[in-house]
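Novice: Handing you a structure now.
In my numbering, the protein residues as written are 42 to 192.
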């Protein structure tokens, strides 16, 4: 699939890692490439259909750099399939308030273009969670709805 879009596997992996926690200028600096290269990868990702993007993202090796260091709260935390999480929802309002505090495992990670509205690249990821009781809520969650827990 990378060949179809003229992308290098190494730079694509580094790009995915960087865009989940940085803006484009920081991404270019971190990858030690030009901003034009970052834009080319960004445009290629936008041309991909959602299934291609998800496939590419889900096949990338998990990197510790995606986890938010305790010393730097500005770096977004990314979740992967298999991560154990606690749902952090509005416990007083909303139709999903009964799910607040429940724990489970991420079983699917999807991709959309919400970041084009919010400006936060981590908002592109949508998570499906299977609760410990076996229930899979008919809801999708974003990063701010989840908190990683130890297994």
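We treat Cβ as the ideally placed atom computed from N, Cα and C, and that holds for glycine. In this text the structure is predicted, and so the values were computed from the model without any measurement.
If we ignore side chains and look at the alpha-carbon of each, how far apart do residue 120 and residue 48 end up?
Specialist: 24 Å
Novice: What do you reckon, are the CB atoms on residue 171 and residue 142 nearer than 8 Å?
Specialist: no
Novice: Closest to residue 124 by C-alpha separation, out of 148, 181 and 81, would be which residue?
Specialist: 148
Novice: So, with DSSP's three-state summary, where would you put residue 153?
Specialist: coil
Novice: Any idea which residues DSSP pairs residue 125 with across the strands?
Specialist: For residue 125, DSSP records a beta bridge to 146.
Novice: Specify, as a first and last residue, the run of the beta strand (DSSP E) that residue 171 falls within.
Specialist: 166 to 172
Novice: Can you tell me which of 179, 169 and 87 puts its alpha carbon nearest to the alpha carbon of residue 136?
Specialist: Taking residue 136 as reference, the option from 179, 169 and 87 with the minimal CA-CA separation is 179.
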